[in-house]
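K.L.:
Residue numbers (the numbering used here): 4 to 355.
Think of the CB as a built atom: it goes at the ideal place given N, C-alpha and C, for glycine as much as any other residue.
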Amino acid sequence: MPEHRPPRTNPPASTSDAVAQYAARLPGLHAATDQIVGMITTLLDDAGINYLSVTGRAKSVASFAAKAARTVDGTPVFDDPLQQITDQIGIRVVTYLMDDVRAAAELFADQVVVLADRDMGLETASQGRFGYNSRHLLITLDPELPVPPSHAALRGHAAQVQIRTVLQHAWAEFEHDIRYKGSIPAEHASDLDRRFTLAAGLLELADREFSTIRDRLQEALPPPADDGDDDPRISPAELAAFLSGRYTDAGWSRTDHYAWIDGLLLELGITSLAELGALLQEVDDDAITARMGYKYPPGAVRRLDDTLLSRFGQDYIGLHGNAHRVDLLTTRLARLVAEDGGGPQPATRVGS
Numbered sequence: 004m005p006e007h008r009p010p011r012t013n014p015p016a017s018t019s020d021a022v023a024q025y026a027a028r029l030p031g032l033h034a035a036t037d038q039i040v041g042m043i044t045t046l047l048d049d050a051g052i053n054y055l056s057v058t059g060r061a062k063s064v065a066s067f068a069a070k071a072a073r074t075v076d077g078t079p080v081f082d083d084p085l086q087q088i089t090d091q092i093g094i095r096v097v098t099y100l101m102d103d104v105r106a107a108a109e110l111f112a113d114q115v116v117v118l119a120d121r122d123m124g125l126e127t128a129s130q131g132r133f134g135y136n137s138r139h140l141l142i143t144l145d146p147e148l149p150v151p152p153s154h155a156a157l158r159g160h161a162a163q164v165q166i167r168t169v170l171q172h173a174w175a176e177f178e179h180d181i182r183y184k185g186s187i188p189a190e191h192a193s194d195l196d197r198r199f200t201l202a203a204g205l206l207e208l209a210d211r212e213f214s215t216i217r218d219r220l221q222e223a224l225p226p227p228a229d230d231g232d233d234d235p236r237i238s239p240a241e242l243a244a245f246l247s248g249r250y251t252d253a254g255w256s257r258t259d260h261y262a263w264i265d266g267l268l269l270e271l272g273i274t275s276l277a278e279l280g281a282l283l284q285e286v287d288d289d290a291i292t293a294r295m296g297y298k299y300p301p302g303a304v305r306r307l308d309d310t311l312l313s314r315f316g317q318d319y320i321g322l323h324g325n326a327h328r329v330d331l332l333t334t335r336l337a338r339l340v341a342e343d344g345g346g347p348q349p350a351t352r353v354g355s
């Protein structure tokens, strides 16, 4: 990904000086990386967006030095490497479906400051080719907002975030691994390029088919059957099917999140889909959606979470299963109970 190059704020330094300064700041970058991984994971979980993994790394000194030393026709690419090399913190979000890539990008645009946004797949497709496919964002916290202690190490830092599906990730990692580990003999280069292109096209088709499968299932899932056993829990599979029918415009949530919110339902004394359905009949979904003012497509579990928060208020916040997110729920409840006529409340960004 070409660098998003902010204007130079310091006089140019030699590469060796820049590398020495980078090595000195690396412990702080490690701390910031851990915090931004936690922040992004929390954002995705709170929004109910389905994902496979969130990982991060701080660029190694050797990698920074190699990048800082790059030249084009004898001219250094970076005249201020410490400012202009923007992937010092790198985060990767791997999702299952393309819809989830878009949802995650929209979520970050709503919650943090996006300095740059490139859809590498669209750029490749606009050239009539198949190949590398990933969404690249450069993000930072809003400097106008106070930074909570849990994010203190992020102050003043930016991070490059790659968002891609698991199939896009497999292609990119394999292609990088092959090209990184050694030079490809010239007599094989064109054939291997063609095969990588063919694989990229097949994986793009597979990504589309997975999305179609998800959409068809959401349209055609039958109502869950009552098997008559004595287990008070609603099974995650039954709950997923029920919520797909209730929130037809919502994406799937992470599998473990259905089990998690099932525990909250148990704390509320709701032990069957019939009881849940009766409760939801009393709720105005459109009003809740208007109050929340979503700027990203929330997952099904998030939609139910907001509904339960609207219905039970402080009693819901006080459940044992919500002990780790009292502040988040309190902020959301304030938006849900805002005075009539105030319209949708603006989303609270990270750091406020």
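1) Classify residue 166 as helix, strand or coil using the three-state DSSP reduction.
2) Note down the Cα distance separating residue 67 from residue 188, rounded to an integer number of angstroms.
3) Please state whether DSSP places residue 337 in a helix, a strand or coil.
4) May I have a chain-ordered list of the beta strand (DSSP E) segments no shorter than 3 residues that lie completely inside the region 227-300?
5) So residue 94 and residue 164 are supposed to be a Cβ contact under 8 Å. How far apart are they, rounded?
6) Candidates 240, 299 and 147: which alpha carbon is nearest residue 252's?
7) Where does the unbroken beta strand (DSSP E) through residue 119 begin, and where does it stop?
8) When DSSP labels each residue in this structure, what does residue 59 get in the three-state scheme?
9) May I have the straight-line CA-CA distance separating residue 178 from residue 169, to the nearest angstrom?
10) Closer than 7 Å by C-beta to residue 39: which residues in its own chain qualify, once you throw out the five before and the five after it? Chain order, please.
11) So, under 8 Å CB-CB, residue 314 and residue 286 are touching, yes? Tell me the CB distance rounded to an integer number of Å.
12) Could you tell me the alpha carbon to alpha carbon distance between residue 321 and residue 329, rounded to whole angstroms?
13) Based on DSSP bridge pairs, tell me the residues matched to residue 139.
14) Three-state secondary structure (DSSP) at residue 181?
15) State buried or exposed for residue 289, treating a residue as buried only when at least 16 other CB atoms are found within 10 Å of its CB.
16) Rounded C-beta distance between residue 78 and residue 166? I'm assuming under 8 Å.
17) Please tell me whether residue 324 and residue 255 are closer than 8 Å, where the distance is taken between their beta carbons.
18) If you compare alpha carbons, which of 173, 193, 283 and 308 is closest to residue 136?
19) What number of angstroms, rounded off, separates the C-alpha of residue 131 from the C-alpha of residue 202?
20) Assign residue 95 to one of three DSSP states: helix, strand, or coil.
21) Taking 8 Å as the cut-off, decide whether the C-beta atoms of residue 115 and residue 143 are in contact.
22) Locate the alpha helix (DSSP H) running through residue 33, then write down its first and last residues.
23) Looking at the strands, I want to know which residues DSSP matches up with residue 321.
P.N.:
Looking at the coordinates:
1) strand
2) 28 Å
3) helix
4) none
5) 5 Å
6) 299
7) 116-122
8) strand
9) 14 Å
10) 59, 92, 94, 157 and 162
11) 6 Å
12) 8 Å
13) 121 and 165
14) helix
15) exposed
16) About 33 Å separates the two Cβ atoms, so there is no contact after all.
17) no
18) 173
19) 15 Å
20) strand
21) yes
22) 18-50
23) Answer by DSSP bridge pairing: none, since residue 321 is not bridged.
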